[in-house]
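Chemist:
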Amino acid sequence: MGTTKPRPSGRASVAKVQSLPDKTFVIDNGAYTLKAGYAPDSAPPEDQSKALAACTEIPNAIVKTRGNKIYVGSQLNTHVTDWNEMMFRRPVEKGYIVNWEAQKEIWEHSFFDEKTVRSKDLRITDPEDTTLLLTEAPNALPALQKNADEIVMEEWGFGGYLRCVGPSMNAWNDVQSLFGDPIVQKANTTVSPKECLLVVDSGYSHTTVTPIYKGQPLQRAIRRLDLGGKHLTNYLKEMVSVRQYNMVDETYIMNEVKEAVCFVSNNFVGDMEQTWKGNRKRGLPDPSEGVMVDYVLPDPNAGKKGFMRPHDALLNAKKRKGGLSGASAEALSEDALVLGNERFAVPEILFTPSDIGMKQAGIPDIIMQSLSVLPTGLHPAFLANVLVVGGNALLPGFVNRLESELRQLASAECAVRVKCPQDPIRSAWLGASRFATNKDELRKVAITRQEYQEHGSSWVSRKFTGAI
Amino acid sequence: MYHVELIPNSTTTHATPGWTYVPDRGFDPAKAAITPAIGRKRGIRDPGRADLSSRQNNAIVRHLAELDRENHRDVQISIPVKQKDASGRGTRGKVTSNVRRILQSQKTFRNYLDDEEAALAQQASTQQTQQQTSSTSSSHRPSINKITKPGSTPRRSSTPLTAAPTPKPDTSSRSNRKAQQQQQHQRPSSTAPTSSRASTVTTAAETETETPAPDKDQPQDKDNTESKEEEEKQQNPHELIKSEHDNDPLLKSYIPSAPSERIMQALLAEPPLTYHASRAGPPIARKSPRYFCCMCGYWGKIRCKNCHLRTCGLGCYKVHEDSRCGAFF
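So the protein sequences, as listed, match chains S and U. Taking UniProt numbering, I'd label the letters of the first sequence as residues 1 to 468. Taking UniProt numbering, I'd label the letters of the second sequence as residues 1 to 329.
#1: At which residues does the beta strand (DSSP E) containing F196 (chain S) begin and terminate?
#2: Tell me where the beta strand (DSSP E) around V81 (chain U) begins and ends.
#3: Would you mind telling me which residues of chain S sit closer than 8 Å to P249 (chain U), beta carbon to beta carbon, in chain order?
#4: Quick one: what's got a C-beta closer than 6 Å to S168 (chain S)'s C-beta in the same chain, skipping five residues either side?
#5: Closer than 7 Å by beta-carbon distance: list the chain S residues that pair up with S257 (chain U), in chain order.
#6: By Cβ distance, which residues of its chain are closer than 7 Å to R417 (chain S), with the 5 residues on each side in sequence left out?
#7: Between which two residues does the alpha helix (DSSP H) harbouring K104 (chain S) extend?
#8: Secondary structure at residue 332 (chain U), three-state DSSP: helix, strand or coil?
#9: Listed from N- to C-terminal order along the chain, which residues in the segment 70-84 of chain U have their beta-carbon within a distance smaller than 9 Å of any beta-carbon of chain S?
#10: Taking V199 (chain S) and V389 (chain S) to be in contact with their CB atoms under 8 Å, please state how far apart those CB atoms are, rounded to whole angstroms.
#11: Go ahead and label G270 (chain S) buried or exposed: buried means 16 or more other beta carbons lie within 10 angstroms of its beta carbon, across all protein chains shown.
#12: Determine, using beta carbons only, whether S112 (chain U) comes closer than 7 Å to chain S.
#13: Who are the near neighbours of T65 (chain S) in its chain, counting only those whose CB is closer than 7 Å to its CB and skipping five residues on each side?
#14: Below 8 Å on the Cβ atoms is my guess for D174 (chain S) versus R163 (chain S); work out the distance and round it to an integer in Å.
#15: Ends of the alpha helix (DSSP H) at K318 (chain U)?
#16: Any C-beta of chain B within less than 9 Å: which residues of the segment 16-37 of chain S qualify?
#17: Using the Cα positions of P298 (chain S) and A336 (chain S), report the straight-line distance between them to the nearest angstrom.
#18: In this structure, does DSSP put K463 (chain S) in helix, strand or coil?
#19: How long is the line joining the alpha carbons of F292 (chain U) and R324 (chain U), rounded to whole angstroms?
#20: Count the CB pairs spanning the segment 277-297 of chain U and the segment 353-366 of chain S that are closer than 8 Å, and state whether there are at least three.
#21: Would you check if the segment 407-416 of chain S and the segment 252-267 of chain S touch, i.e. whether three or more CB-CB distances between them fall below 8 Å?
#22: On a CA-only basis, which of S:I151, S:L442, S:L76, S:C55 is nearest S457 (chain S)? Give me that one, please.
#23: For Y2 (chain U), count the other beta carbons within 10 Å of its own beta carbon; 16 or more makes it buried, fewer makes it exposed. Which is it?
#24: Please state whether DSSP places F382 (chain S) in a helix, a strand or coil.
#25: So, D28 (chain S) versus W429 (chain S), is the Cβ gap smaller than 7 Å?
#26: Helix or strand or just coil, what does DSSP make of I102 (chain U)?
#27: Residue range of the alpha helix (DSSP H) that F268 (chain S) falls in?
#28: Note down, in chain order, every chain U residue with its Cβ under 8 Å from the Cβ of T251 (chain S).
#29: Using the rule of at least 16 other Cβ atoms within 10 Å of the residue's Cβ for burial, across every protein chain shown, is I468 (chain S) buried or exposed?
#30: CA-CA distance, C316 (chain U) and Q56 (chain U)?
#31: Could you pull the start and end residues of the beta strand (DSSP E) that G37 (chain S) belongs to?
#32: Does the separation of the CB atoms of V72 (chain S) and H109 (chain S) fall below 7 Å?
#33: Check the Cβ-Cβ distances between I302 (chain U) and every residue of chain S, and say whether any is below 7 Å.
#34: So which residues on chain U does V248 (chain S) lean against when the C-beta distance must stay under 7 Å?
#35: Would you grab the beta carbon distance between residue 491 (chain S) and T130 (chain S) for me? Rounded to a whole angstrom, and I think it's under 8 Å.
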């Protein structure tokens, strides 16, 4: 099965050795959103927001509304108004592209089909003259990697192609200034990777810990926690459904609730005591004000979005009174979720998976597990450069909690620094786009279309694991 | 679990094919757990209260699978049918067989993972037989399935790697240089597979009794601690205020040296772990599990006698008992 000869197109050009096309298109193919855009041609712009302007986030899903309408990819952001009972089909499972039927549809919709592509910055007009840089989650199954290679090269026929481990791309970012290290003025302007960086990538389907040395992952130390944003959303959904309204079909809405209200507690026991309902009965001067919030659910009929507001314990009483005296119908019709300990108990499972009976360790422990298989000489360098990326990094308090727990676990001689980039979701894309400007490095690892046609897909997979 | 065993060469006719009665051979804790012989007082005989019962395990597995779902219900969302105008395809002609196979595949991640495991198991078994037949062959490639997490099982490589620690015992500065020369001599000849080399490096680093291969820029004397400290002072002269306790071995902070470039190259050249091998293990320090109230989310202080779910107090327990207690357990 391995070496299948693709169609012999472009026979005339076989004679001369092809080089990589100049244009590089970077796709960071996440399970929840895919991050895509062209890498800059020359040196990357200094300003990060300017560099990120080239990157677009597209929902990586095909959805079905309750009206049985089907939308693809970026249509979610524009066409959909009613998010109730939304059903999702995602081509990426557990972080890896599994269903290429759906993935191809989304890619074509977003990048190839001129009718549906949002802007010309995202359009891939001629794949033959484009290098594709595709990221994947670490420890992918070889069968899935081979599928990806074959589809990319045989279906679209990109001129150049590189499949690489997503978290490792973060090392190419300007991490020095983030950590506040003195920047060594370099004579040349080419981008170079950070020497030692430990990336904690907490995404939609899982959380991975990847130590990176000079831009390459140290494979033996990559560890994965099988909990991600999806699990947090589902867990919150389950809690709310048991305690308040039945929200089991409202994945999208509960995701928004999660993004609005959840935080990582730095004092779990204290926060738990604060939200105890017994406090109210005892007539204590309600200390739960700080934690307890209301989330007003969206109302698609009135076209209103959901929002969070501080908890008002007397709201129900007011409502009853207002109903008698004929207050505005608007205030009566709104539905609100009261969220107390759910706010911090949900993200807590990333740090204490045993709370839901899981046997795996929490993120700080996993970092230590990952380091335990590396020479001790590397530990200080990695512990001082921990970078948190992925959507869960946006949870307030995540970085602080990780830093304080890691500080307790790490040996006293090591400095522990945990940082989160400005945009943790697009950080891997940004790093990949900066890497793509370093043409020498790119040429070393990427393959051309001609090479694929000569050697076939099993050669390519060996090349990308660094065996050749 | 009751133990049902098929006696291999019994001549009796099988009234019920596939199983047969076997004599009870003494005390079996598994059986005793189900049908306790003595009393009904809990906790007298079974020590494994901390262990989860299989029912609880199943409940946890089911819960985790529930959390892993994309939608609450199973739905089929088909790709929207496009009007065929070949706009996406453009200049490209027909679809290759590979592409067609991949696009039509309806395999899920679970299927791929099972395939992978089966392939690895087969590979391992064939490798074993190979090793049995040709024990002298030293050509074992670092295959993926052989690399285990060193935390769980300290992997011993079959290739002897004594090159680095051997020149240690007599370490004066002169012999050290000699050792380095030796080292360089041996370097080209040592063609041990990368993974085994790297793993021994880490075990050496973990025990910390022997440091990794000597660096050129950092000469090290194991026995002579005083001279080492002098060197340290030379390296960072404006770092610390001198005191009499500097030489106290208890107060000395030991920072291991960074591994050499050769080790790093070996580490980088390793193949990726398998999907299962990269899964994080259980916590290093076991904390006692926390339980939460299934009603309000506060600490789960009391356990329902019927269904073993936790509640925080009588208030929540009453609600639970009235409405939700499944009592399936």
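Glycine residues also receive a C-beta, built at the ideal position from the N, C-alpha and C atoms.
Modeler: So, to answer that:
#1: Here the sequence assigns Cys to residue 196 (chain S), which means Phe is not the residue at that position. C196 (chain S) -> beta strand (DSSP E) spans 196-202.
#2: For V81 (chain U), no beta strand (DSSP E) encloses it, and the DSSP letter there is neither H nor E.
#3: Per Cβ cutoff of 8 Å: no residues; P249 (chain U) is ~15 Å from chain S at best.
#4: These residues qualify, in order along the chain: I212, P217.
#5: The contact set of S257 (chain U) on chain S, defined by CB atoms closer than 7 Å, consists of G377 in chain order.
#6: Same-chain partners within the cutoff: F179, A384, N385, V386.
#7: Its alpha helix (DSSP H) spans residues 100-107.
#8: Summary: the structure shown does not reach residue 332 (chain U), with chain U confined to residues 1 through 329, and so no result is reported for it.
#9: Of all residues in the segment 70-84 of chain U, E70, N71, H72, R73, V75, Q76, I77, S78, I79, P80, K82 have a Cβ within less than 9 Å of some Cβ in chain S.
#10: Between V389 (chain S) and V199 (chain S) the Cβ distance is about 6 Å, and since that is below 8 Å, they are a contact.
#11: Exposed, by the Cβ-count rule.
#12: Here residue 112 (chain U) turns out to be Tyr, not Ser, going by the sequence shown. Cβ-Cβ to chain S under 7 Å: yes for Y112 (chain U).
#13: By the criterion of a C-beta distance shorter than 7 Å, T65 (chain S) is surrounded in its chain by V80, D82, M86, once the five residues flanking it on both sides are discounted.
#14: Actually they are not in contact, since the Cβ atoms of D174 (chain S) and R163 (chain S) sit about 24 Å apart, beyond 8 Å.
#15: That run of the alpha helix (DSSP H) goes 314-319.
#16: The structure shown contains no chain B; the protein chains it does contain are S and U.
#17: CA-CA distance, P298 (chain S) to A336 (chain S), rounds to 9 Å.
#18: Here K463 (chain S) sits in helix by DSSP.
#19: Rounded to the nearest whole angstrom, the C-alpha separation of F292 (chain U) and R324 (chain U) is 16 Å.
#20: They touch, by the three-pair rule.
#21: Fewer than three pairs of CB atoms, one per stretch, sit closer than 8 Å, so the segment 252-267 of chain S makes no contact with the segment 407-416 of chain S.
#22: Residue nearest to S457 (chain S) within the set S:I151, S:L442, S:L76, S:C55 is S:I151 (criterion: CA-CA distance).
#23: That one is exposed.
#24: If DSSP states are grouped into helix, strand and coil, F382 (chain S) belongs with the helices.
#25: Taking the C-beta atoms as reference points, W429 (chain S) is found nearer than 7 Å to D28 (chain S).
#26: In the structure shown, I102 (chain U) sits in a helix (DSSP, three-state: H, G or I).
#27: Unbroken alpha helix (DSSP H) run through F268 (chain S): 268-274.
#28: Within 8 Å of the CB of T251 (chain S), the CB atoms of chain U belong to E70, N71, H72, in sequence order along the chain.
#29: Looking at its Cβ environment, which holds fewer than 16 other Cβ atoms inside 10 Å, I468 (chain S) is exposed.
#30: Cα to Cα, C316 (chain U) sits roughly 21 Å from Q56 (chain U).
#31: In the DSSP annotation of this structure, the continuous segment of the beta strand (DSSP E) that includes G37 (chain S) starts and ends at 33-38.
#32: V72 (chain S) places its beta carbon less than 7 Å from that of H109 (chain S).
#33: It does not: the Cβ of I302 (chain U) has no partner Cβ on chain S nearer than 7 Å.
#34: Chain U residues near V248 (chain S): H72.
#35: For residue 491 (chain S) there is no data in the structure shown, the boundaries of chain S being 1 and 468.
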